[in-house]
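Notes for the one structure printed next.
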Amino acid sequence: MPSLGRLEITDCNKLETVPDGLKFVSALQELEIRWMPRAFKHRLEEGGEDFYKGDHLVKRTQRYINGSNYWIAR
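The sequence shown: position 12 = 719 (my numbering), numbered continuously.
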């Protein structure tokens, strides 16, 4: 998927970790996580187990149920 620039993961409650292949999608610039368990979201935060998989991203966004952003680009 060389041209995938944006990916949204929404309401995939059985997905426990970020797919390993994400780190190889060099064109990916934006990842949005919505309606996912907090444990999944924490894995992607700086210092989390899966943070390195999205280290190349320009923008990261996570949203809680109330819609407020708490994790946006570095």
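Beta carbons are placed, not taken as given, at the ideal position from N, Cα and C, and that holds for glycine.
Burial state of residue i, where buried means 16 or more other Cβ atoms lie within 10 Å
i	result
residue 775	Low confidence applies to residue 775: its pLDDT is 45, below 50, so where it sits in the model is not reliable, and the reading given next is rough at best. It counts as exposed.
residue 779	Low confidence applies to residue 779: its pLDDT is 42, below 50, so where it sits in the model is not reliable, and the reading given next is rough at best. By the neighbour-count rule (16 or more Cβ atoms within 10 Å), residue 779 is not buried but exposed.
residue 707	No information on residue 707 is available, as it lies outside the stretch 708 to 781 that the chain covers here.
residue 765	exposed
Other residues of its chain near residue i: CB distance less than 7 Å, five sequence neighbours each side excluded
i	result
residue 749	755
residue 714	735 and 738
Collapsed DSSP secondary structure at residue i in the structure displayed
i	result
residue 760	helix
residue 735	coil
residue 730	helix
residue 751	helix
Residues of its chain near residue i, where Cβ-Cβ distance is below 8 Å and the 5 sequence neighbours each way are ignored
i	result
residue 758	750, 751 and 752
Own chain residues within Cβ distance below 6 Å of residue i, not counting five before or after
i	result
residue 742	717 and 718
residue 760	725, 729 and 730
residue 710	734
residue 712	734 and 736
Residue-level contact to chain D via CB, residue i, 8 Å cutoff
i	result
residue 738	Of the protein chains in this structure there is only one, and it is not chain D.
Run of the beta strand (DSSP E) containing residue i, from where it starts to where it stops
i	result
residue 724	Residue 724 -> no beta strand (DSSP E), and no H or E assigned at all.
residue 714	713–717
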